[in-house]
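Here's the structure we're looking at; comments come further down.
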Amino acid sequence: MALKVQKFGGTSVADIERIKRVADRVTKSYDKGDKVVVVLSAMAGVTDKLIALAESASKVPDTRELDVLLATGEQTTAALLAMILKDRGYRSTSLLGFQAGIITDESAGKARILDIEADRIVKLLDEGHIVVVAGFQGRDVNGNITTLGRGGSDTSAVAIASAVKADVCEIFTDVDGVYTTDPRICSKARKINRISYEEMLEMAILGAKVLQIRSVEFAKKYNVPVHVRSSFNEEEGTMVINESADMESVVVSGVTCDKNETRITLKRVPDQPGVSAKIFGALADANIMVDMIIQNTRANGETDVTFTVTKTDFRKACEISEQVANKIGAAAVLTAENIAKVSVIGLGMKSNAGVAATMFKALASENINIILISTSEIRISCVIEEKYAELAVRVLHKAFGLDAE
Ligand code: ADP
Ligand code: ASP
Ligand code: MG
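Heads up: the sequence shown at position 357 corresponds to 356 in numbering that gives the first Met the number 0, and the numbers run straight through without jumps.
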């Protein structure tokens, strides 16, 4: 007997047939004696449709109202599952984020969970209910509905698991677990049986969308065991857990690719103290997150500053860069939208030299030019032209011995 949080993603609840299969799965655990909280996403494609609808109603949809709209996707699936469960004779209650006590900050569209007042969930569980919570949403301190950013139902699930002290948070999705790289890009990707929070976090940050970044942060902080597995079969998936000694033996455990990056270069900025502070201060004031930064000064003293931002922030970042460039007397602003960041990740890098060299050699073997490089203790990332992204993933996957036989 266990206390489980079971989260089902968009493809797993894409239509009534699939929601019925979710009901089968959930009741199987319940019938065994488990207490179950189910967290659901909206049906696949629904959140995108709601965003399009909002954009057809308003040029720049009001963020508060957009959250009210987007939350309906998850409201629909939660209600449908609870209906099906009740029809089958189970006690079940659907709860929207605010009813489940999920309190967030006030950042509409990308709210962070601050606290979960889980009394209602716990009481319902004690009364024998299968509690069905609408993922991706909460309420802020003013009582407004908020959403948690794309893929946010993962975070709802992990946060609830931590609040109710669940034995496990199961993330049911459309792949069998976390793979060495996106199995849709590389057919030789292998399922990873166990992965550390740290590596999973890097993979999520660097583009593996199988878990939302914040869900992994949450799991790591509160030590929630996460089991990523398929909703279409009974196979064991991937356990995301604390690092253990044997994990270090693998140098590279995964390869990721992120096409959501753009590059901006300020050419010939004055080589003086305070110039970078002006550029990045202006971007920070506009709430723009900068990812990679490089600055190089040539022998003649000319300095270029290059950085990357997400595609969403690109236009705004260009405008700000032009303004700052004028103010500080930079020669020009150059931009590139069609870039991608490929990364290799592994705890074993901490104690292995030569990983970067292997990565650069592998990219060179396919004539792929490296535009930017950044490294941390457990990852190396290269920005390349977007058209080479998939090829780069496959070539790196092979170079680091990750290909399945
Ligand atoms: P859900 O709707 O269930 O939340 P997502 O689409 O958000 O599912 O995440 C699952 C998808 O993540 C997979 O279909 C896969 O294409 C993609 N993905 C990217 N990188 C990986 C990886 N390393 N391992 C597994 N899946 C990955
Ligand atoms: N429905 C939301 C999305 O599509 C949240 C989620 O599925 O996790 O991003
Ligand atoms: Mg997802």
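Every residue, glycine too, gets a C-beta built ideally from N, C-alpha and C.
In this text the structure is predicted, and so the values were computed from the model without any measurement.
Quiz item: If you draw a straight line from the C-alpha of Gly-100 to the C-alpha of His-396, how long is it?
Solution: Indexing the sequence shown from 1 puts residue 100 at position 101. Indexing the sequence shown from 1 puts residue 396 at position 397. The straight-line gap separating the alpha-carbon atoms of Gly-100 and His-396 is approximately 43 angstroms.
Quiz item: For ligand 3, any of its heavy atoms closer than 7 angstroms to the Cβ of Gly-8?
Solution: Start at 1 with the first residue of the sequence shown, and residue 8 comes out as number 9. Using a cutoff of 7 angstroms, the CB of Gly-8 counts as near ligand 3, since one of the ligand's heavy atoms is closer than that.
Self-check item: Close-in-space but distant-in-sequence residues of the same chain around Ala-403 (CB under 6 angstroms, 5 per side omitted)
Solution: Here residue 403 refers to the residue found at position 404 of the sequence shown. Answer for Ala-403: Lys-187 and Arg-189, listed in chain order.
Quiz item: For Ala-13 and chain E, any beta-carbon pair shorter than 8 angstroms?
Solution: Among the chains of the structure shown, chain E does not appear; only one protein chain is present.
Quiz item: When you compare each of Asp-139, Val-323 and Asp-312 to Val-289 by their alpha carbons, which one comes out closest?
Solution: The residue labelled residue 289 in the question sits at position 290 within the sequence shown. Residue Asp-312 is the option with its Cα nearest to Val-289.
Quiz item: If you follow the beta strand (DSSP E) that Gly-280 is part of, which residue opens it and which one closes it?
Solution: By one-based count along the sequence shown, residue 280 stands at place 281. Where Gly-280 is concerned, there is no enclosing beta strand (DSSP E), although the alpha helix (DSSP H) it sits in stretches over 274–284.
Quiz item: Since Val-382 and Arg-262 are thought to touch, with beta carbons under 8 angstroms apart, how far apart are those beta carbons, to the nearest angstrom?
Solution: Along the sequence shown, one-based indexing puts residue 382 at 383. Along the sequence shown, one-based indexing puts residue 262 at 263. At roughly 7 angstroms, the Cβ-Cβ gap stays under 8 angstroms, so Val-382 and Arg-262 are in contact.
Quiz prompt | Gly-236 vs Ser-229 beta-carbon contact at 8 angstroms | solution = To locate residue 236, count along the sequence shown from 1; it is residue 237. To locate residue 229, count along the sequence shown from 1; it is residue 230. A contact, by the Cβ cut-off of 8 angstroms.
Self-check item: Limits of the beta strand (DSSP E) - the one that Gly-151 falls within
Solution: For the purposes of this step, residue 151 is taken as residue 152 along the sequence shown, with counting starting at 1. That residue, Gly-151, is in no beta strand (DSSP E); it is neither H nor E in DSSP.
Quiz prompt | Touching by the beta-carbon criterion (3+ pairs, under 8 angstroms), the region 166–180 and the region 247–258 | solution = Per the Cβ contact rule, the region 166–180 is in contact with the region 247–258 (3 or more Cβ pairs under 8 angstroms).
Self-check item: First and last residue of the uninterrupted alpha helix (DSSP H) at Val-25
Solution: The residue labelled residue 25 in the question sits at position 26 within the sequence shown. That run of the alpha helix (DSSP H) goes 15–30.
Quiz item: Looking at C-alpha atoms only, which residue of Asp-114, Lys-6 and Arg-193 is the closest neighbour of Ala-133?
Solution: In the sequence shown, counting from the first residue as 1, residue 133 sits at position 134. Nearest C-alpha to Ala-133: Lys-6.
Quiz item: Just to check, is the beta-carbon of Lys-109 closer than 7 angstroms to a non-hydrogen atom of ligand 3?
Solution: Locating residue 109 in the sequence shown gives position 110, counting from the first residue. No, ligand 3 has no heavy atom inside 7 angstroms of this Cβ.
Quiz prompt | Span separating the alpha-carbon of Asn-325 from that of Ile-184 | solution = The residue given as residue 325 occupies position 326 in the sequence shown. The residue given as residue 184 occupies position 185 in the sequence shown. Approximately 42 angstroms between the Cα atoms of the pair.
Practice problem: Give a yes or no on whether the C-beta atoms belonging to Gly-8 and Phe-171 are separated by under 8 angstroms. | Solution: Here residue 8 refers to the residue found at position 9 of the sequence shown. Here residue 171 refers to the residue found at position 172 of the sequence shown. Yes; because the gap between Cβ atoms is below 8 angstroms, this pair is in contact.
Quiz prompt | CB-CB length for Val-343 against Arg-378, believed under 8 angstroms | solution = Along the sequence shown, read from residue 1 onward, the residue named residue 343 stands at position 344. Along the sequence shown, read from residue 1 onward, the residue named residue 378 stands at position 379. The pair is a contact, with the Cβ atoms about 7 angstroms apart (cut-off 8 angstroms).
Exercise. With a threshold of 7 angstroms, establish whether the CB of Gly-236 neighbours any heavy atom of ligand 1.
Key: By 1-based counting over the sequence shown, the position of residue 236 is 237. Incorrect: Gly-236 has no Cβ contact closer than 7 angstroms to ligand 1.
Quiz item: Among Leu-371, Ser-350, Glu-301 and Met-202, which has the Cα closest to the Cα of Gly-328?
Solution: Reading the sequence shown from its first residue, position 329 is the one you call residue 328. Cα-wise, what sits closest to Gly-328 is Glu-301.
Self-check item: Start-end ranges of the beta strand (DSSP E) lying completely within the region 280–328, minimum 3 residues
Solution: Fully enclosed beta strand (DSSP E) runs of 3 or longer: 292–296 and 302–309.
Practice problem: Flag Asp-153 as yes when its Cβ comes closer than 7 angstroms to any non-hydrogen atom of ligand 3, and as no otherwise. | Solution: Against the sequence shown, residue 153 aligns to sequence position 154. Remark: the shortest separation between the CB of Asp-153 and any heavy atom of ligand 3 falls under 7 angstroms.
Self-check item: Alpha-carbon to alpha-carbon, Leu-80 and Val-12
Solution: As a first step, residue 12 is located in the sequence shown; it is residue number 13 there, counting from the start. As a first step, residue 80 is located in the sequence shown; it is residue number 81 there, counting from the start. If I take the Cα positions, the gap works out to 9 angstroms.
Quiz item: DSSP beta-bridge partners for Gly-137?
Solution: For the purposes of this step, residue 137 is taken as the residue at position 138 of the sequence shown. Gly-137 is bridged to Thr-145.
Quiz item: Roughly how many angstroms lie between the CA atoms of Arg-149 and Asn-299, to the nearest whole one?
Solution: Taking the sequence shown and counting its residues from 1, the one referred to as residue 149 is at position 150. Taking the sequence shown and counting its residues from 1, the one referred to as residue 299 is at position 300. The straight-line gap from Cα to Cα measures roughly 46 angstroms.
Quiz item: Near Thr-62, which residues of its chain fall below 8 angstroms by C-beta distance, leaving aside the five closest residues on each side in sequence?
Solution: Taking the sequence shown and counting its residues from 1, one reaches residue 62 at position 63. Annotation for Thr-62: Ala-107 and Gly-108 place their beta carbon closer than 8 angstroms to its own, counting only its chain and skipping 5 residues before and after.
Quiz item: Which stretch, first to last residue, makes up the beta strand (DSSP E) that contains Phe-7?
Solution: Translated into positions along the sequence shown, residue 7 becomes position 8. Counted as a single uninterrupted DSSP element, the beta strand (DSSP E) harbouring Phe-7 occupies residues 2–7.
Self-check item: Local conformation of Tyr-178 per DSSP, three classes
Solution: Counted from its first residue, the sequence shown places residue 178 at position 179. Residue state, collapsed to three classes: strand.
Self-check item: Segments assigned alpha helix (DSSP H), at least 4 residues, entirely inside the region 58–101
Solution: 62–86, all fully within the region 58–101.
Quiz item: What's the C-alpha gap between Asp-303 and Glu-260?
Solution: Here residue 303 is taken as the residue at index 304 of the sequence shown, counted from 1. Here residue 260 is taken as the residue at index 261 of the sequence shown, counted from 1. Roughly 19 angstroms between the two C-alpha positions.
Quiz item: For Val-250 versus Phe-359, is the C-beta distance shorter than 8 angstroms?
Solution: For the purposes of this step, residue 250 is identified with residue 251 of the sequence shown, where counting begins at 1. For the purposes of this step, residue 359 is identified with residue 360 of the sequence shown, where counting begins at 1. 8 angstroms or more divides the Cβ of Val-250 from the Cβ of Phe-359.
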